[in-house]
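Below is one structure, written out as structure tokens; comments come after it.
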Amino acid sequence: MTIDTADGVEAVGVAPAADPGFLQRHGTTIEYILIPGAALVGALAVFGVFVALFGKNPLDLYFYMYQGAFGTWFSWQNTLTRAAPLILTALCTALPAQLGMVIIGGEGALLIGALAATGAALALPSMPPLVVQLAMVCAGMIGGGLWIMLSGGLRQYRGVNETISSLLLVYIALAILNHLVEGVMRDPASLNKPSTREIGAANMIGSIPGTDVHWGLVFGLIAAVASYILIYHTVFGFAARVAGGNIRAAKIVGLGVGKLIMTICFLAGASAGLAGMVEVAAVQGRTNANLAAGYGFTGILVAFLARQNPLAIIPVAVLLGGISASGGLLQRRLGLPDASVQVLQGIIFAFVLASDALYGRIGFLKGKS
Amino acid sequence: MDFGRISRRHLLQGGAALTLGSALGARSALAADTTIGFIYVGSRDDYGYNQAHAQGAAALKKMSGLKIVEEEKVAETDAVEKTMESMINLDGATLLFPTSFGYYNPHMIKMANKFPKLHFEHCGGLWSEKDPTNAGSYFGYIDEAQYISGIVAGYTSKTGKLGFVAAKPIPQVLRNINAFTLGARLANPKATTQVIFTGDWSMPVKEAEATNSLIDQGVDVLTCHVDGPKTMVENAARRGAMVCGYHVNQSPLAPKAYLTGAEWNWEALYPKFVKMIAAGESIPNFYRGGLKEEIVKVSPYGEAVSAEARKHADDVKAKLTAGDYTIFKGPITDNKGKAVIASGTDRGQKDPELEKMDYLVEGVIGATS
Chain A
0 MTIDTADGVE
10 AVGVAPAADP
20 GFLQRHGTTI
30 EYILIPGAAL
40 VGALAVFGVF
50 VALFGKNPLD
60 LYFYMYQGAF
70 GTWFSWQNTL
80 TRAAPLILTA
90 LCTALPAQLG
100 MVIIGGEGAL
110 LIGALAATGA
120 ALALPSMPPL
130 VVQLAMVCAG
140 MIGGGLWIML
150 SGGLRQYRGV
160 NETISSLLLV
170 YIALAILNHL
180 VEGVMRDPAS
190 LNKPSTREIG
200 AANMIGSIPG
210 TDVHWGLVFG
220 LIAAVASYIL
230 IYHTVFGFAA
240 RVAGGNIRAA
250 KIVGLGVGKL
260 IMTICFLAGA
270 SAGLAGMVEV
280 AAVQGRTNAN
290 LAAGYGFTGI
300 LVAFLARQNP
310 LAIIPVAVLL
320 GGISASGGLL
330 QRRLGLPDAS
340 VQVLQGIIFA
350 FVLASDALYG
360 RIGFLKGKS
Chain B
0 MDFGRISRRH
10 LLQGGAALTL
20 GSALGARSAL
30 AADTTIGFIY
40 VGSRDDYGYN
50 QAHAQGAAAL
60 KKMSGLKIVE
70 EEKVAETDAV
80 EKTMESMINL
90 DGATLLFPTS
100 FGYYNPHMIK
110 MANKFPKLHF
120 EHCGGLWSEK
130 DPTNAGSYFG
140 YIDEAQYISG
150 IVAGYTSKTG
160 KLGFVAAKPI
170 PQVLRNINAF
180 TLGARLANPK
190 ATTQVIFTGD
200 WSMPVKEAEA
210 TNSLIDQGVD
220 VLTCHVDGPK
230 TMVENAARRG
240 AMVCGYHVNQ
250 SPLAPKAYLT
260 GAEWNWEALY
270 PKFVKMIAAG
280 ESIPNFYRGG
290 LKEEIVKVSP
300 YGEAVSAEAR
310 KHADDVKAKL
320 TAGDYTIFKG
330 PITDNKGKAV
340 IASGTDRGQK
350 DPELEKMDYL
360 VEGVIGATS
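Residue numbers (numbering that gives the first Met the number 0), protein chains in the order written: chain A, 0 to 368; chain B, 0 to 368.
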């Protein structure tokens, strides 16, 4: 969407006499909707063929996918519940991407955020719930933020590739979590499933009134919109995008690249850490190995499908939430294995990446030049 | 055979009612009398924990008037809550079997409170008075079958060194290791069991490494307690070692190396549960049993098992099946020399102390932490 203005200027600049039609004026915006949409339809068509090869009716497939993801009010809530953590973990990849960094360690920040949030709640046993919840939010965000800052710092000051370091830090985070949960933080009563003590029913943040969807969805929406404003409508965001475009040019014009990297990495980790806090405070009620459910890794997929745009993350997360929500119905009604959902995700990913080549090449959307 | 049908209003809410879909959806939902949902944490053909439950579900499929819906690879997060709700809302399930340990609290408890008219049966949980009465937990004393495996292993091993690939040092696993070792020492008082903990329920790479490392140390009979014994069984057989199986019968994977194994007998228990409900009886909320109650069983002996071993094992099995044999009978010392069960103390299978086991008996090489 950023290139929107650039293209517009170009179109007007090159052919000032011609009055560009609606399609031409909004060409780039339309492209951003049309191309991923077409990629999605293409992926679904290929998946239909794949399913047909196994002797299942593709029309049944589409119907059940629709029914399981969006067909009933229950399905909608199912979809949104699954989308909530994905919005937050996707931001963990999308924000550093503005700086040209590929961070894939959102899962680690989520786990550390969950641990920190649980620690905060357990350290404040007799405080009013609102205080505990605020402390959990802060602890989760700081914990996750510092975790991804480690990757950012290693990249900026030690020259370590941030993709590798953030991925490896996931395993370290999981080891720390297991170590604490099976060691000093273990609730002695959790015999066969080592867990921390529960944070207490009063401290749970509960659901959005009238729904089953927890507050993580609202946190995710706020974080996504705030990130969008930060990146596209502030000087800080502009500086980040300049540094992402050409880091040497950014240094020459005097931008503090190190500070940008550390700040963005902190914010990225903070949103994944918040996802971890929500998993504890809205779902599990305590920390144990169940938290490593892969939300951090699915978030990477969401961020790439959304082309690292914080606002586009929202519909993409809902879409992937819907695919995962409908996966159960595909298993139950069509007898497809669980892996079929991963196949579909893979096909969508391949189509969206391939469709990148189409931007700026659709004739009827371009101005005459 | 109707367990109290829930309203299908949920199905009609939302968009599906307005689309071509509703007719199709309603038709399939009304097709069977009673719908039972099974939820697995892993793949249902894993030759292990999940397959054992799937075999139980398959036994129900043979009964008339039942419709079985299954979903595999469901994470121990709110995903399982949504899967249960989806089975209830979209499939009309009235009895649910969420079979993984981590599904119990808070997830299944939450659903049992939300749907008080439906039945929930959980494998492995510890139901207590504060839990809802429409929820139940069942489990088997599979250490009885491990004890028999131990006897067979003790006779078969030439080196007297047995190996145990274990997931985590939690009470259920320790109890199996200890029972296996106590059984082996009936046959060969000098036998030792070297244990390796992999750290998690499904770690195929570590399981293979542990298997190889045990065999390198001279171990010639192995068993395990992980979700999928397939890796251990196949690797051990390839290296020329003998194996005792776990969860289900793995003899098809290694016909020559398979001695015997500790198996679940869900295909006997689940039809029993359904018949009890149909007859209007209530299933005890806390349901336990071993060989006597037909909740666990021992795999048929492989060709490598000697006549002497068969005789001894059959003899103990008969006593366990009759219910007049105690495995954890004092004096028992742990592998650090401390007396854990005093002389003259019999810890019968239902003794709650055994549920808190945190030691390895004499003869086990390894540590719980």
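For glycine and all other residues, C-beta sits at the position ideal for the given N, C-alpha and C.
DSSP assignment within the segment 259-330 of chain B yields the following whole alpha helix (DSSP H) runs of 4 residues or more, N-terminal first: 265-277, 306-321.
At a cut-off of 8 angstroms, the C-beta of B/Gly239 has no neighbouring C-beta in chain A. Ranking B/Met83, B/Ser85, B/Gly149 by CA distance to the CA of B/Val242 puts B/Gly149 first.
When the Cα atoms are used, B/His52 and B/Arg309 turn out to be separated by approximately 28 angstroms. When only Cα atoms are considered, A/Thr297 and B/Lys291 end up about 46 angstroms apart. Put simply, the segment 283-301 of chain B touches the segment 127-141 of chain B. At least three CB pairs are less than 8 angstroms apart. Three or more pairs of CB atoms, one per stretch, sit closer than 8 angstroms, so the segment 45-60 of chain B contacts the segment 257-271 of chain B. Residue pairing by DSSP places B/His246 opposite B/Glu262 in a beta bridge. By the CB criterion at 8 angstroms, B/Arg184 and B/Leu353 fall outside the cutoff. Annotation for B/Leu94: no alpha helix (DSSP H) segment contains it, though the beta strand (DSSP E) segment containing it runs 92-97. Shown here, B/Phe114 sits in coil according to DSSP, grouped into three states, outside any helix or strand. Here B/Gly347 is exposed, its C-beta having fewer than 16 other C-beta atoms within 10 Å. A/Ser150 sits in a helix when the DSSP states are folded into three classes. If one requires a minimum length of 4 residues, the alpha helix (DSSP H) runs lying completely within the segment 176-254 of chain B are 203-215, 229-237, in chain order.
Ranking B/Thr180, B/Pro188, B/Glu71 by CA distance to the CA of B/Val194 puts B/Thr180 first. Residue-level contact check: B/Val247 does not touch chain A, since none of the beta carbons of chain A fall below 8 angstroms from its beta carbon. Taking the beta carbon of B/Gly101 as reference, the chain A residues within 7 angstroms of it are Lys192, Asn289, listed in sequence order. Using a Cβ-Cβ cut-off of 8 angstroms, A/Gln132 does not count as an interface residue toward chain B, since no Cβ of chain B sits closer than that to its own. Across the set B/Lys205, B/Asn334, B/Pro351, B/Asn112, the C-alpha of B/Asn334 shows the shortest separation from the C-alpha of B/Val360. Closest option to B/Ala74, judged by alpha-carbon separation, among B/Ala277, B/Met83, B/Phe196, B/Lys116: B/Met83. DSSP places A/Thr210 in no beta strand (DSSP E); its state is neither H nor E.
The alpha carbon of A/Ile34 has as its nearest neighbour, out of A/Leu304, A/Ala134, A/Ile102, A/Val183, the alpha carbon of A/Leu304.
Annotation: Cβ neighbours of A/Ala292 in chain B (cutoff 9 angstroms, chain order): Ala74, Glu75, Thr76, Ala78. Note on geometry: alpha-carbon atoms of A/Leu254 and A/Ala239 lie some 9 angstroms from one another. The beta carbon of B/Leu94 does not come within 8 angstroms of any beta carbon belonging to chain A, so the residue lies off that interface. In this structure, B/Gly227 sits away from B/Tyr102, with a CB-CB distance that is not shorter than 8 angstroms. Unbroken alpha helix (DSSP H) runs of no fewer than 4 residues, entirely contained in the segment 38-101 of chain B, are found at 48-60, 77-90, following chain order.
If you keep only unbroken alpha helix (DSSP H) runs of at least 4 residues inside the segment 304-363 of chain A, you get 309-333, 338-354.
In the three-state reduction of the DSSP assignment, B/Leu125 falls in the coil class, being assigned neither a helical nor a strand state.
Here DSSP, grouped into helix, strand and coil, assigns A/Arg185 to strand. Residues of chain A whose Cβ lies closer than 9 angstroms to the Cβ of B/Asp90 are, in chain order, Leu328, Arg331, Arg332.
In the DSSP annotation of this structure, the continuous segment of the alpha helix (DSSP H) that includes A/Tyr63 starts and ends at 57-65. Uninterrupted beta strand (DSSP E) stretches at least 3 residues long and entirely within the segment 113-169 of chain A do not occur. Counting of Cβ neighbours within 10 angstroms places B/Pro97 among the buried residues, the total reaching 16 or more.
Interface annotation, A/Ala82: not in contact with chain B, CB-CB separation never under 8 angstroms. Relative to the Cα of B/Thr320, the nearest Cα in the group B/Gly41, B/His106, B/Ile141 belongs to B/Ile141.
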